[in-house]
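Inspection log for the structure reproduced underneath, given as structure tokens.
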Amino acid sequence: MAHKFAELGHPIQLAARQSKTLGAEKTNLQLRYGVPVTLHEFDALLTETHAQFLAMLPELPEIAVSIVGLMGSQEGSERDHLLASCVMRSNYEGPANILALLANRFEERGSGTLVGVSSVAGERGRATNYVYGSAKAGFTAFLSGLRNRLAKRGVHVVTVLPGYVATKMTEGINLPARLTAQPSEVAEGIVVAVKRKKDVIYVRPVWRLIMLIIRLIPEGLFKGIRM
Amino acid sequence: MKLSGWGRFPVVDAQVYVPRDVEALQELVASKPSVIARGCGRAYGDSAINSSATIDMRRLNRMLGFDPKTGQLIAEAGVVLCDIIAAFLPRGWFPMVTPGTKFVTLGGMIAADVHGKNHRRHGSFRGCVDWIEVMGADGSIQRCSRESHVELFEHTLGGMGLTGIILRAAVRLRAVETGWIRQTTIPAPNLRSAMTALERAQDSTYSVAWIDCLGTGENLGRSLVFLGDHASAPDLPIHRSLHPFATPAKRKLSVPFNFPCFALNRFSLRTFNSLYYRVGAWNRGQQLVDWDSYFYPLDAVADWHRIYGRKGLAQFQCALPLSGSEEGLSALLQAVAKASAGSFLAVLKRFGPQESRISFPMEGYSLALDFPITAKISDLLANLDRITIEHGGRFYLAKDSRMSAETLRASDDRVGSFVRMRAESGWKTSFQSAQAERLVL
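Taken in sequence, the protein lines are chains A and B. Position in the first sequence (first residue = 1) + 1355 = the numbering used here. The letter at position 416 of the second sequence is residue 397 when you use the numbering used here, and the numbering goes up by one with no holes.
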């Protein structure tokens, strides 16, 4: 993601936990694209620190991309309410909180783009993945509301529903190749969406169709299907 | 998954792993019976295939440091040459040695110890490598160079990944003033005049000849000789000198499907080759050419190997010592012309001196040919092997997909010590490719 924006000449602020371990990535981005790169310690779950985090940034960014997520195992979440809560907070409360704070500052300034990476899992609750899915559903609704609120204030909000992506989170899961995007495809999709001010993007177009069908199945029928 | 080299022959069913960090790589090396590292898959044959564990290194691709005083770049092995050029040419740096495609990884260039059109002047890729970090069978990482762990350094250059996993390296780039090449085209009606032109070209940084393989009799070895030097700032016309590293964006072509086997025949090739020669002869003399067109003309056509059809292509590249060159080259070209086997063009280069344990180049001439794979082709290739050996030549492992272990040994007396070194160091059991198995390395 950072590579695609850096390639276009944007200065980069990387925010993550253990941001010190990103030193090599920082050098890599600087060498490849000749743009300034700064590292910032950020924990999505420590929502009380978010305001402080923003205050510490050397500069309010023009574009902010939230890529935060925790899949957890559905079975684990069913048994362990602490894990379930962690999944819910990681996928909804944390990212929504930081974007809310950014949104206010962007609104004040009168410009900016917010990108939230949510998930197709939030389009309908499924037995195999509903804890994660419900949090993503909340995040998707939050982004939609935010976009609606800021539409006339010069701030644009992009919702990204990537479908399957070949990342560490999905490693070891046997995913169908045609439905699975590479991380660089997601990044490319986001760059285009930001440029063209798109609202909701699915990275591989086939997911729009799949999710349309899944949403249209009547609940009575849906509850009998294991998927 | 089904894996093959750029020649798309042979195709092997192989397990591919894509580690994201050094720890994941260490785990793979420790847990698999044997592994081989793979970069962009641009070696033509089975050099970067291990059916039980092929390790795709392209995610380990960070640039780690650059010293603008010396031009030294430190990077992970999965960094691709085109990214190095994209990052550093605008700042006035270009690879010291480059192969004919920019879609190769740093690790791959070291493993094959690649050469370019400037071998005579600057030697193989080895010359710009300051040090290499190699992961051994036990997961430990050793930094080797001309001063420390010398044997590991020397065997890793040209060792086709059979000495461990190349992880990181420091390589020096060349300072250039522009992104342009001053190219001189010399039409040569036959082999002797092509060789004379190359011999006289000792002051040019780059030199290469494209031979029309279908020429026979007095046309045997008819070629275009291309000489080149990096253009300096005053060489550029005014409108270019303001942005000396900007070159025109090229239209991307691609070959969307496999050509049918009859598409390449004696007549289509003859037409293509004579047209190529005429156009080249028309453009004789000096021209300014952008770096991409000069060094990587085939990269402009994505998947060009599909022209050779579904069955794939076989590359043949040999190096002949200076003394046996003229006789050997004309015997090779005669054999090719007689078989009418349809190589588009052959590439002839003059190699300078080279000292190395297992790298391909030797002082003399190198000839590269490609052929569509057909029923008759193996006889011709065996014939070319024999001629090469008779004239004291040897073969490029990065191009090979079908040689026998005996042929390799007959052509290169360094193989014995390489194999011994592999056995003694424990590399033999841990680092193994389909090619190494075939060639009993």
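Virtual Cβ for every residue (Gly too), placed ideally from N, Cα, C.
The beta-carbon of A1379 of chain A is placed less than 8 Å from the nearest beta-carbon of chain B. Closer than 7 Å at the C-beta level to chain A, one finds these residues of the region 41 to 65 of chain B: R43, M44, L45, G46, F47 and D64. Residues of chain A whose Cβ lies closer than 7 Å to the Cβ of R1 of chain B are, in chain order, K1523.
Close CB contacts of H211 of chain B within its chain, under the 6 Å cut and outside five residues either way in sequence, are with V157 (chain order).
L1469 of chain A has a beta carbon lying at 8 Å or more from every beta carbon in chain B. Assignment of Q335 of chain B by DSSP, reduced to helix, strand and coil, places it in the coil class. Interface annotation, L1386 of chain A: in contact with chain B, CB-CB separation under 8 Å.
For the 8 Å CB-CB criterion, L172 of chain B and G202 of chain B form a contact. Per DSSP, R1 of chain B lies in no beta strand (DSSP E) and is assigned neither H nor E. Beta-bridge partners assigned by DSSP to Y1519 of chain A: A:T1535. For N1529 of chain A, no chain B residue has a Cβ inside 8 Å of its Cβ, as the nearest lies near 13 Å away. Looking at the DSSP output, R155 of chain B bridges to B:F75.
Residue environment: H372 of chain B is assigned as buried (16 or more neighbouring CB atoms within 10 Å of its CB, all protein chains considered). Listed along the chain, the chain B residues whose CB falls inside 8 Å of the CB of T1382 of chain A are R43, M44, L45 and G46.
Here the alpha carbons of L133 of chain B and K409 of chain B stand approximately 14 Å from one another. Of B:P237, B:R163, B:D280 and B:V328, the smallest CA-CA separation from I288 of chain B is found for B:P237. Using a Cβ distance threshold of 8 Å, S392 of chain B and R375 of chain B count as a contacting pair. Nearest neighbour of S311 of chain B by Cα position, chosen from B:M176, B:I358 and B:I65, turns out to be B:M176.
Ranking A:V1472, A:V1486, A:T1382 and A:G1465 by CA distance to the CA of I1545 of chain A puts A:V1472 first. Residues of the same chain with a CB within less than 8 Å of the CB of V1390 of chain A, apart from the 5 flanking positions on each side, are A1361, G1364, H1365, P1366, I1367 and L1384 in chain order. Taking a cut-off of 8 Å on C-beta distances, the region 1569 to 1577 of chain A does not touch the region 71 to 85 of chain B, as fewer than three cross pairs fall below it. If you look at Y1557 of chain A, you'll find it in the beta strand (DSSP E) that goes V1555 to Y1557.
For I1422 of chain A, the CB contacts under 7 Å within the same chain, skipping 5 residues up- and downstream, are M1356 and V1472 in chain order.
Among the residues facing chain A, A312 of chain B is not included, as its CB has no counterpart in that chain under 8 Å away.
Counting the other Cβ atoms within 10 Å of the Cβ of A1410 of chain A gives fewer than 16, which makes it exposed. A residue is called buried once 16 or more other Cβ atoms fall within 10 Å of its Cβ, and M1524 of chain A, having fewer, is exposed.
Under the three-state reduction of DSSP output, M44 of chain B falls in the strand class.
A68 of chain B reaches chain A at L1386, R1387, Y1388 and G1389, counting residues in chain order whose Cβ is nearer than 8 Å.
Judged by DSSP secondary structure, E1417 of chain A falls outside any alpha helix (DSSP H); it is assigned neither H nor E. Following the DSSP letters along the chain, one finds H1405 of chain A inside the alpha helix (DSSP H) bounded by residues H1405 to M1411. Between the alpha carbons of I36 of chain B and A417 of chain B lies a distance of about 16 Å. By the neighbour-count definition (other C-beta atoms within 10 Å, threshold 16), T51 of chain B is an exposed residue. In the DSSP assignment, V400 of chain B falls within the unbroken alpha helix (DSSP H) covering V396 to S406. In the three-state reduction of the DSSP assignment, A1458 of chain A falls in the helix class. Around the beta carbon of L1534 of chain A, a 10 Å sphere encloses fewer than 16 other beta carbons of the protein chains shown; the residue is thus reported as exposed. Within the region 285 to 354 of chain B, the runs of alpha helix (DSSP H) at least 4 residues long that lie entirely inside it are, in chain order, 306 to 320.
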